[in-house]
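Residue numbers (this note's numbering), protein chains in the order written: chain U, 1483 to 1941; chain P, 4 to 82.
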């Protein structure tokens, strides 16, 4: 029986090589036919500079012999995320990095042959290019960037759909190869389609898509002329990208911290002081902030020296969290993710892109669930024992959790008259449930009736 | 209506006028390769970039010759 193509053997889409995990190591095998050019590229001054600057993932050549596959080892980036879990600003940062690298590569005689968001990961708030085999020597006489159409389909058209049609960026989970202009055209007003940037991204491409004369034409020019044309194309792609920056608008949760009337300044200070002192005491290397909102507690954790991953369902709140982390240079990776409905595993054999929980399990020294428990219990209708079980599953040791009593105005508001369903939800029940999986180490009671707990995981 | 049409024409750049001319003659095929329209647009804008490149070169050469000529005339006059 022929061997079964399995994702367990590593990635398989790129014929030039495969990426696979060996324990904690991330290795890449490069096909013998491509090995020499890949090694030459990685040893080029440009690739080395990008690795030093942290714009391309640091890579070491472990073995390279003529006629043999080369083996590369990449530095492992903590907590991989997928484009369907990014906020618009993260998309724009990833697209900008792709264009910057392509522009510099053109100048040095290389070209980017694969320009998709899946080639980018985030290390904290910083975008990093990870598919090191995506660069090759370019044909000096060709002024065509073959991956341009892929860049538009996978970066610009999803951003376009988000800005003009309101289609969520998370929908790209089902669009590995992005959108076609024809996918968007029926949903765009005709006048808008003739304005910038839609006429270059949707209207004109639609007009030309069946013109065989154009599609068969391969212009040849001098090297100087091709460099000029390619750099001009990258520049125009950058202009199109900047015109797709979403309009600033508030969402349901993006102004929550400033407007939360159930928290007085004293409550805020007490809660922040407890979380800050606890994080300093437990010295957690990696922290997961569930329901992070705009990242007030993510920043507290990052300032205490932790590497933070922040989950929230609100795209705008995640966007603000990312922007704040980016400008302060904090190690925070905001992710559009739902604790109650985690991103599923998708792709070939449902294994190509790991689920959110598979990526999170056992990765975090501390998991924070602040101001979210009542949403999980009431809005998402997840039973308390199941929430505690999932918390136990993700955390390696610590958990910081905020208890919201059923008498709390926000709890009552979410219940909308179904209070009898939560009659059993007392603090005693809370302690009894969490004691099955955790031990209580400390607790701080706030003036508004809520309380914050430090829990330690039972083995 | 005329003002609207004039505004519409004004908002098109040279690349897009060229692109529209290319688009007028097209055979109809049912199957379309992914990204083919975007590729075709790139071919047009590259052709346009090539024209700009050549034009700039010619202008630079003319300007250089004019500068050299005026400098030599000035030198002759000073002698």
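Beta carbons: idealized from backbone N, C-alpha and C, even for Gly.
Through-space distance from residue j to residue i, alpha-carbon basis
i                       : j                       : result
residue 28 of chain P   : residue 1693 of chain U : Unreliable positioning characterises residue 28 of chain P in this predicted model, as indicated by a pLDDT of 48, which lies under 50. A coordinate reading is not provided.
residue 1583 of chain U : residue 1634 of chain U : 16 angstroms
residue 1813 of chain U : residue 1577 of chain U : 20 angstroms
residue 31 of chain P   : residue 1695 of chain U : Caution applies to residue 31 of chain P, whose pLDDT of 47 falls short of 50 and renders its modelled position unreliable; the value that the coordinates give is listed next. Cα to Cα, the separation comes out at about 12 angstroms.
residue 68 of chain P   : residue 76 of chain P   : 12 angstroms
residue 1815 of chain U : residue 1640 of chain U : 21 angstroms
residue 1629 of chain U : residue 1618 of chain U : 12 angstroms
residue 1593 of chain U : residue 1581 of chain U : 11 angstroms
residue 1803 of chain U : residue 1902 of chain U : 37 angstroms
residue 1680 of chain U : residue 1627 of chain U : 20 angstroms
residue 1493 of chain U : residue 1873 of chain U : 30 angstroms
residue 1487 of chain U : residue 1500 of chain U : Any answer about residue 1487 of chain U is weak, because its pLDDT of 48 lies below 50 and its placement is not dependable; what the coordinates show is given next. Each residue's alpha carbon lies about 12 angstroms from the other.
residue 1917 of chain U : residue 1885 of chain U : 14 angstroms
residue 1663 of chain U : residue 1781 of chain U : 40 angstroms
residue 1673 of chain U : residue 1717 of chain U : 25 angstroms
residue 1591 of chain U : residue 1554 of chain U : 23 angstroms
residue 1498 of chain U : residue 1512 of chain U : 6 angstroms
residue 41 of chain P   : residue 1638 of chain U : 12 angstroms
residue 1878 of chain U : residue 1610 of chain U : 27 angstroms
residue 1931 of chain U : residue 1855 of chain U : 14 angstroms
residue 1933 of chain U : residue 1861 of chain U : 20 angstroms
residue 80 of chain P   : residue 1704 of chain U : 41 angstroms
residue 1686 of chain U : residue 44 of chain P   : 7 angstroms
Proximal residues of chain P, C-beta to C-beta of residue i below 8 angstroms
i                       : result
residue 1630 of chain U : 41, 42 and 45
residue 1625 of chain U : 49, 52 and 53
residue 1920 of chain U : Correct list: empty, because the minimum Cβ distance to chain P is about 51 angstroms.
residue 1699 of chain U : 46
residue 1663 of chain U : 40 and 41
Residues bridged to residue i [DSSP beta-bridge criterion]
i                       : result
residue 1939 of chain U : U/1920
residue 1835 of chain U : U/1828
residue 1812 of chain U : In the DSSP output, where bridge partners are listed per residue, residue 1812 of chain U has none listed.
residue 1495 of chain U : DSSP, once it has assigned bridges, lists no residue as partnering residue 1495 of chain U.
residue 1541 of chain U : U/1556
residue 1943 of chain U : Look at the range of chain U in this structure, 1483 to 1941, and you will see that residue 1943 of chain U is not part of it.
residue 1851 of chain U : U/1772 and U/1883
residue 1609 of chain U : U/1604
residue 1789 of chain U : U/1768
residue 1925 of chain U : U/1935
residue 1434 of chain U : The question about residue 1434 of chain U has no answer here: the residues shown for chain U are numbered 1483 through 1941.
Contacts of residue i in chain P (Cβ-Cβ under 9 angstroms)
i                       : result
residue 1667 of chain U : Those do not exist, as residue 1667 of chain U stays about 10 angstroms from chain P at its closest Cβ, beyond 9 angstroms.
residue 1703 of chain U : 49, 53 and 56
residue 1641 of chain U : None at all; the shortest Cβ gap to chain P is about 15 angstroms.
residue 1581 of chain U : Going along chain P, no residue has its Cβ under 9 angstroms from residue 1581 of chain U, so there is no contact; the nearest lies around 15 angstroms.
Proximal residues of chain U, C-beta to C-beta of residue i below 9 angstroms
i                    : result
residue 1 of chain P : This structure does not reach residue 1 of chain P, given that chain P is present from 4 up to 82, and the question cannot be answered.
Contact set between residue i and chain P, taken where Cβ atoms lie within less than 7 angstroms
i                       : result
residue 1707 of chain U : 53 and 56
residue 1761 of chain U : By Cβ distance, chain P contributes nothing, its closest Cβ being about 48 angstroms from residue 1761 of chain U, past 7 angstroms.
residue 1594 of chain U : Those do not exist, as residue 1594 of chain U stays about 14 angstroms from chain P at its closest Cβ, beyond 7 angstroms.
Any non-hydrogen atom of the ligand NAP within 7 angstroms of residue i CB
i                       : result
residue 1914 of chain U : This structure lacks the ligand NAP, and indeed carries no ligand of any kind.
Evaluate the contact criterion for the segment 1666-1673 of chain U versus the segment 1640-1652 of chain U: three or more CB pairs, one atom per stretch, below 8 angstroms.
-> Touching, yes, given that three or more Cβ pairs across the two stretches are closer than 8 angstroms.
Examine the Cβ distances between the segment 1518-1537 of chain U and the segment 1646-1654 of chain U and report whether three or more of them are shorter than 8 angstroms.
-> Inter-segment contact for the segment 1518-1537 of chain U and the segment 1646-1654 of chain U is absent: fewer than three beta-carbon pairs are separated by less than 8 angstroms.
Do the segment 1840-1857 of chain U and the segment 1758-1777 of chain U touch if we need at least three Cβ pairs shorter than 8 angstroms?
-> Yes, since at least three Cβ pairs between the segment 1840-1857 of chain U and the segment 1758-1777 of chain U fall closer than 8 angstroms, the two stretches touch.
Three or more beta-carbon pairs under 8 angstroms between the segment 1535-1548 of chain U and the segment 1562-1576 of chain U, yes or no?
-> No: the two stretches stay apart, fewer than three of their Cβ pairs being nearer than 8 angstroms.
For the segment 1885-1896 of chain U against the segment 1751-1768 of chain U, are there 3 or more C-beta pairs whose distance is under 8 angstroms?
-> They do not touch, by the three-pair rule.
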